[in-house]
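Engineer: Starting off with a structure, shown below.
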Amino acid sequence: MANRIEEIEFPEAAARASQAAAGMAAQTPQPPSEDDLQDFQGEKMVLNMGPSHPSTHGVLRLVLELDGEIISRATPDIGYLHRGDEKIAENMTYTQFIPYTDRLDYLAPLANNVAYTLAVEKLMDIEKLLTPRCQYIRVICCELARISAHLLGVGCFAMDVGALTVFLHTFTEREKIYNLCESLTGARFTTSYTRIGGLSRDLPDGWTEQCRQFLREVVVNLKEVEELLTRNRIWVDRTRDVGVLPREVAIDYGLTGPNLRGSGVDYDVRKAHPYLVYDQLKFDVPLGSVGDCYDRYLVRMEEMRQSVRIVHQCLDQLPGGPINIPDGKTVLPPKKKVLTSMEELIHQFILVTQGVNAPPGEVYHSAENPKGELGFYINSKGGGTPHRLKIRAPSFVNLSVLPHLLPGHMISDVPAILGSFDFVMGECDR
Amino acid sequence: MPPQELAQKLQTQFGALIIALPEFREETTVSVADPERIADVCAFAKESLGCNFLLDITSVDDYGTEPRWTIVYELYGLGHHCRLRIKTQVNEESSELPTVSSIWRTADWHEREIYDLMGIRFRGHPDLRRIIMWEGYPYFPLRKDFPLVGKPTELPEVAFTRAAPLQGGPFVTSAGGKNTIEREPRARITEK
């Protein structure tokens, strides 16, 4: 191949000579003008980051306008994972929508299940009738989901800025949470655990002991992660004073969750509007001081420890008794009775075909999820299906600050900032 | 400051413009009679009532009644920890109301989403583009008259959607139909 000579067409020599002469006459060489140089220096380049970039955690697309290595404009493009969850919700019963909530923040499906059923229960005004055991188990679920989501958040954040070891440590622990989920709900990811007015099943035998064992192990693991990162010079250089969100900006953009608390705003739905039994549990809400990526990391680490503390308290105080509201018109009756008793058979039939009978009205209920405040606005005209169900997705709102935050940063800071935001596109795009 | 007090202060400031709706599940809701004044009401709520946090904006489609659209604002105050819901109704003919994105910047994306999925325009919005569907998508899918199975669309060489018949659910059938199509009309494409 090396010997092959490519045939290149040359214009005739005379023609070339005349072209060259004309060219010389037309443009005598001149030093570059001021305008030319300015254009060269300030030249903008548009870079598409995503929708399938490792640090975009799914399908976020960022259109970055770059001046050299500095971002001058950032336009997030979302919607690649849009499935029309809100439209789907209008066309099915409240109970049928529970599996769809698994797929919102798919890193914390248990917390989504709980938040959604609480919203429906608020609409039906049965929130206060929930049995104590059900409430405690739900809190355990929420906090395990938080630990799981934060472990992934911190692990991926560290991996994006080059510390792969942390990712391996946190994922080892996450596997144990999935094992707990599996024995609790029968599924590792898509749990669909809660039901309106209760839970799909009680804790299996020996589950609490497995859970305690996990809590003992995760604390050791968190300490290791902390030792790997918190005083790691490279980690600190990559995250400190990067992506600084002042308090006012975070409030103005409606940020919630660890991203808001990283900026030092003391707002946690579990404290401000306690649901379930959070008002009977002792835990602290960690706050950041500067609002940079490092603060958001520290807040997540501490939140995991607080979650461990909450789960310990719940396991200690876990009451006995039933897990479901004793109301056949809300919760499916036990199968044994359905097959033997007329009334329970009717209840089963009505609940499966028409759903629970919710009154007309509108409610907004929010829960403190790992990513922030997950709210459900339900507008009901009565009956078993919502007229409108809006999901206030924390990731959607958190991402809306990017066009404000990214300009001025180096392009290599983008993975750090995105990692520190810990968003999930399943929830953002719905 | 309880949320009822916030509603009362809005009423004393704006008079007949604000209609207090009955409380439901301990949530306070007020309605703004004229959608053109919504930005004034929101600005007052932020500046004087301490509602510095906008949680959410939602739109509701009451298809078949007029006014067709209801826009729902969920306000929150980080100082007093109270939620206040403000609603306003917009008729289908105008389908337009002033933006509140200059009051809370978080409203930017919420309003874009409402424009994208329901086709309600926000006057004065800095960048009212589609946000979830792609640019040039011809429909507003969250409207009640948009079929659940979807409508076929094409973005040449980039994207397409096809109607997706529902297989096996959801089971909200209308009883008494002679055949499956009549009993489960949403499982078929109703219009082209």
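First to last, the protein sequences are chains X and R.
Heads up: the first sequence begins at 1 in this note's numbering, then just goes up one per residue.
Heads up: the second sequence begins at 1 in this note's numbering, then just goes up one per residue.
Don't be surprised by glycine CBs; every beta carbon is placed ideally from N, CA and C.
In terms of residue numbering, what span does the beta strand (DSSP E) encompassing Val41 (chain R) cover?
Structural biologist: Unbroken run through Val41 (chain R) is the alpha helix (DSSP H), 38–47; no beta strand (DSSP E).
Engineer: CB Val437 (chain X) to CB Gly384 (chain X), shorter than 8 Å?
Structural biologist: Because chain X here runs from 1 to 430, residue 437 (chain X) falls outside it and cannot be looked at.
Engineer: Taking C-alpha atoms, which residue in X:Ser200, X:Phe157, X:Leu315, X:Ser366 lies nearest to Cys293 (chain X)?
Structural biologist: Comparing Cα positions, the closest option is X:Phe157.
Engineer: Could you compute how far the alpha carbon of Arg85 (chain R) sits from the alpha carbon of Leu21 (chain R)?
Structural biologist: Taking the straight line from one Cα to the other gives about 10 Å.
Engineer: Within the same chain, show all residues whose beta-carbon is closer than 7 Å to that of Arg240 (chain X), passing over the 5 residues directly before and after it, in chain order.
Structural biologist: If we look at Arg240 (chain X) and ignore the five residues flanking it on each side, its Cβ neighbours are Asp292, Tyr294.
Engineer: With distance defined between alpha-carbon atoms, name the residue in X:Glu175, X:Asn91, X:Pro394 nearest to Asp268 (chain X).
Structural biologist: Checking every option, the nearest Cα to that of Asp268 (chain X) belongs to X:Pro394.
Engineer: With a floor of 4 residues, list each alpha helix (DSSP H) that falls wholly inside the region 299–376 of chain X, ordered by position along the chain.
Structural biologist: Within the region 299–376 of chain X, the complete alpha helix (DSSP H) runs of at least 4 residues are 335–338, 342–353.
Engineer: For a test of the three-state rule: what should DSSP assign to Trp193 (chain R), helix, strand or coil?
Structural biologist: It is not possible to answer for residue 193 (chain R), since the shown part of chain R is limited to 1 through 192.
Engineer: Quick check on the DSSP output: the alpha helix (DSSP H) that includes Ile147 (chain X) runs from which residue to which?
Structural biologist: Residues 132–160.
Engineer: According to a CB-to-CB cut-off of less than 9 Å, which residues of the region 128–146 of chain R neighbour chain X?
Structural biologist: The region 128–146 of chain R vs chain X, Cβ under 9 Å: Arg130, Ile131, Ile132, Met133, Trp134, Pro141, Leu142, Lys144, Phe146.
Engineer: On the three-state DSSP scale, how would you describe Leu399 (chain X)?
Structural biologist: Leu399 (chain X): helix per DSSP, three-state reduction.
Engineer: Does the pairing of the region 43–60 of chain X with the region 103–119 of chain R give three or more beta-carbon distances under 8 Å?
Structural biologist: Flag = no, the region 43–60 of chain X and the region 103–119 of chain R do not touch.
Engineer: Using a Cβ-Cβ cut-off of 8 Å, state whether Phe160 (chain R) counts as contacting chain X.
Structural biologist: Chain X, which has no Cβ nearer than 8 Å to the Cβ of Phe160 (chain R), makes this no.
Engineer: Taking 8 Å as the CB-CB limit, is Ile390 (chain X) close to chain R?
Structural biologist: Note that residue 390 (chain X) corresponds to Lys in the displayed sequence, not to Ile. With 8 Å as the cut-off, Lys390 (chain X) counts as an interface residue toward chain R.
Engineer: Which bits of chain R does Tyr253 (chain X) rub up against, with CB to CB less than 7 Å?
Structural biologist: Chain R residues near Tyr253 (chain X): Arg105, Thr106.
Engineer: Terminal residues of the continuous beta strand (DSSP E) containing Leu54 (chain R)?
Structural biologist: Note, Leu54 (chain R): beta strand (DSSP E), 53–61.
Engineer: Looking only at its chain, what residues have a beta carbon closer than 7 Å to the beta carbon of Pro274 (chain X), apart from the 5 residues adjacent to it on each side?
Structural biologist: Around Pro274 (chain X): no qualifying Cβ.
Engineer: Have a look at the DSSP bridge pairing and note the partners of Phe160 (chain R).
Structural biologist: In DSSP, Phe160 (chain R) forms a bridge with R:Glu154.
Engineer: Is the region 135–142 of chain X touching the region 373–381 of chain X, taking contact as three or more C-beta pairs under 8 Å?
Structural biologist: Counting Cβ pairs under 8 Å, fewer than three are found: no touch.
Engineer: Can you tell me the Cα-Cα spacing of Arg121 (chain R) and Tyr73 (chain R), whole angstroms?
Structural biologist: Distance between the alpha carbons of Arg121 (chain R) and Tyr73 (chain R) is about 16 Å.
Engineer: Please state whether the Cβ-Cβ distance between Gly419 (chain X) and Val161 (chain X) is less than 8 Å.
Structural biologist: Yes, the pair counts as a contact, with Cβ atoms nearer than the cut-off.
Engineer: Buried or exposed: Lys44 (chain X), going by 16 or more other Cβ atoms within 10 Å of its Cβ?
Structural biologist: Flag for Lys44 (chain X) reads exposed.
Engineer: Report the residue from X:Asp67, X:Gly58, X:Ala108 whose alpha carbon sits nearest the alpha carbon of Leu406 (chain X).
Structural biologist: The candidate whose alpha carbon is nearest that of Leu406 (chain X) is X:Asp67.
Engineer: Which residues, taken in chain order from the region 63–77 of chain X, show a beta carbon closer than 8 Å to some beta carbon of chain R?
Structural biologist: Listed in sequence order: no entries.
Engineer: Could you check how far apart the C-beta atoms of Ala367 (chain X) and Val114 (chain X) are, in whole angstroms? I think they sit under 8 Å.
Structural biologist: The pair is a contact, with the Cβ atoms about 7 Å apart (cut-off 8 Å).
Engineer: Is there a Cβ of chain R sitting closer than 8 Å to that of Tyr297 (chain X), yes or no?
Structural biologist: Tyr297 (chain X) does not count as touching chain R.
Engineer: Please report whether the beta-carbon of Glu173 (chain X) lies at a distance below 8 Å from any beta-carbon of chain R.
Structural biologist: Not closer than 8 Å to any Cβ of chain R, the Cβ of Glu173 (chain X) fails to qualify, so no.
Engineer: Classify Glu143 (chain X): buried if its beta carbon has 16 or more other beta carbons within 10 angstroms, exposed otherwise.
Structural biologist: The residue in question, Glu143 (chain X), is buried, as its Cβ has 16 or more Cβ neighbours within 10 Å.
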